[in-house]
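To start, the structure under review is shown below, and the notes come after it.
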Amino acid sequence: MFEAGLIEGVSLITEGEALGHEAWIDSVFAQQVADALNASEKGVKSRFTIPP
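Everything in the sequence shown is counted per our numbering, starting at 59 for the first residue and increasing by one.
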């Protein structure tokens with residue numbers, strides 16, 4: 059259905075306020091997410107927006 063490819067120049071998570079979630083993303087959590095993403099051999103699924 060879709061061609062496999064690499065999307066460059068995007069941020070999946072950034073430090074600071076997680077808007078709309080009443081939470082704060084700190085450097086530890088951001089690094090944990092990066093480590094989990096980098097450990098995946100098949101990549102990860104993601105979405106462009108948060109569903110309402």
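Don't be surprised by glycine CBs; every beta carbon is placed ideally from N, CA and C.
| Asked | Found |
| --- | --- |
| Leaving out the 5 sequence neighbours to the left and right, which residues in its chain are closer than 8 Å to Asp-84 when beta-carbon positions are compared? | Glu-73 |
| Assuming Asp-84 is part of the alpha helix (DSSP H), what are its boundary residues? | Unbroken run through Asp-84: none, as it is neither H nor E. |
| Taking the alpha-carbon positions, what's the Glu-80 to Glu-99 distance? | 32 Å |
| To the nearest angstrom, how far is the alpha carbon of Leu-70 from that of Pro-110? | 19 Å |
| Is it the case that the Cβ atoms of Gly-78 and Ile-108 are separated by a distance below 9 Å? | yes |
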